[in-house]
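Reading the sequence shown from the start, the letters are residues 130 to 316 in the working numbering.
Just so you know, even glycine gets a beta-carbon here, dropped at the ideal spot from N, CA and C.
Computed from a predicted model, the values in this text were never measured in an experiment.
Data block below; observations after.
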Amino acid sequence: MTSDVVVSTARDVWRVASHPRAFFAAQGDRTRLRAPIAAAAVSTVVGSWILGVVAARATGSDAWLPFLLGAPALTLPYLAIVTVLGGLMLMRPAALDLRAFEIVAWAWTPIGLLALSILPVGLLAPWPALAGAALLLPPWHLWVVWRGVEVHAAGGARTAFILYIVAVFGLPSALLAFTVTVLSNLA
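In structure tokens, the structure reads:
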């Protein structure tokens with residue numbers, strides 16, 4: 130990657146995180162997948178590293194290496210699954226093509242910005258920083274998705290958005306609750 134591509138992608142990450150409607154409106158008909166997927170991957174890995182370090186600090190753990198090595202091993206497959214699932218949920222009802230996957234990928238980039246912004250606070254007060262990240266990331270992510278769908282959808286934007294919320298947040302939450310319930314009953 131040349132430095133111009135990196136700077137351009139970083140500028141796009143900032144634009145999509147700060148003004149998603151204007152960002153998606155400026156995209157026009159050109160669908161790009163490489164830049165948003167790369168930006169989402171880098172952003173989520175950096176975000177998970179920072180949040181992992183803050184979590185290690187919050188728990189008083191001195192095991193930093195598992196957080197640094199485990200973050201990409203856990204984050205990237207999860208990112209791939211939710212990007213595909215989310216894109217599929219947006220495609221049909223909103224009459225989007227590959228743009229659905231582009232919107233979902235761009236929507237995961239705020240995690241890196243959020244993690245970088247809480248790092249100073251997270252080192253001094255890790256629990257409030259983690260709680261703030263947990264409360265801010267879902268609305269920020271959904272705001273970016275909604276603005277992208279709103280700009281590019283040929284119809285059914287609300288239906289697509291609701292399906293997206295259910296598929297990307299509701300289904301994993303239900304599976305997690307089920308797993309925790311089953312495992313706690315086994316103990």
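Legend entry - DSSP-derived helix/strand/coil call for residue 229: Three-state result, residue 229: helix.
Inset, instruction - Over the uninterrupted alpha helix (DSSP H) stretch that includes residue 270, give me the two end residues. - result: Annotation for residue 270: the continuous alpha helix (DSSP H) segment containing it runs 255-281.
Inset, instruction - Give the DSSP-derived three-state secondary structure of residue 147 in the structure shown. - result: Note: residue 147 maps to helix in three-state DSSP.
Inset, instruction - Can you give me the Cβ contacts of residue 162 inside the same chain, cut-off strictly under 8 Å, excluding the 5 residues immediately before and after it? - result: Taking C-beta separations shorter than 8 Å and ignoring five residues to either side along the sequence, the partners of residue 162 in its chain run 227, 230, 231, 234, following chain order.
Legend entry - For residue 192, three-class secondary structure by DSSP: DSSP places residue 192 in the coil class of the three-state scheme, outside both helix and strand.
Inset, instruction - Give the single residue among 186, 141, 265, 253 whose Cα lies nearest to the Cα of residue 240. - result: Checking every option, the nearest Cα to that of residue 240 belongs to 265.
Legend entry - Residue from 287, 145, 169 whose Cα sits closest to the Cα of residue 224: Measuring from the Cα of residue 224, the nearest candidate turns out to be 287.
Legend entry - CB-CB length for residue 138 against residue 164, believed under 8 Å: Contact between residue 138 and residue 164 holds, with the beta-carbon distance rounding to 5 Å and staying under 8 Å.
Inset, instruction - Kindly give me the distance between the Cβ atoms of residue 238 and residue 146, rounded to whole angstroms, as I take these residues to be in contact under 8 Å. - result: The Cβ separation is near 6 Å, so the contact holds.
Inset, instruction - Give the straight-line distance between the Cα atoms of residue 222 and residue 168, rounded to the nearest whole angstrom. - result: Counting only the Cα atoms, residue 168 lies some 26 Å from residue 222.
Inset, instruction - With a 10 Å radius around its C-beta and 16 neighbouring C-beta atoms as the bar for buried, classify residue 247 as buried or exposed. - result: Counting the other CB atoms within 10 Å of its CB gives residue 247 a total of 16 or more, which places it among the buried residues.
Inset, instruction - Could you round the C-beta distance between residue 150 and residue 280 to whole angstroms and report it? I think they count as a contact, below 8 Å. - result: Going by Cβ atoms, the distance from residue 150 to residue 280 rounds to 6 Å, so yes, they are a contact pair.
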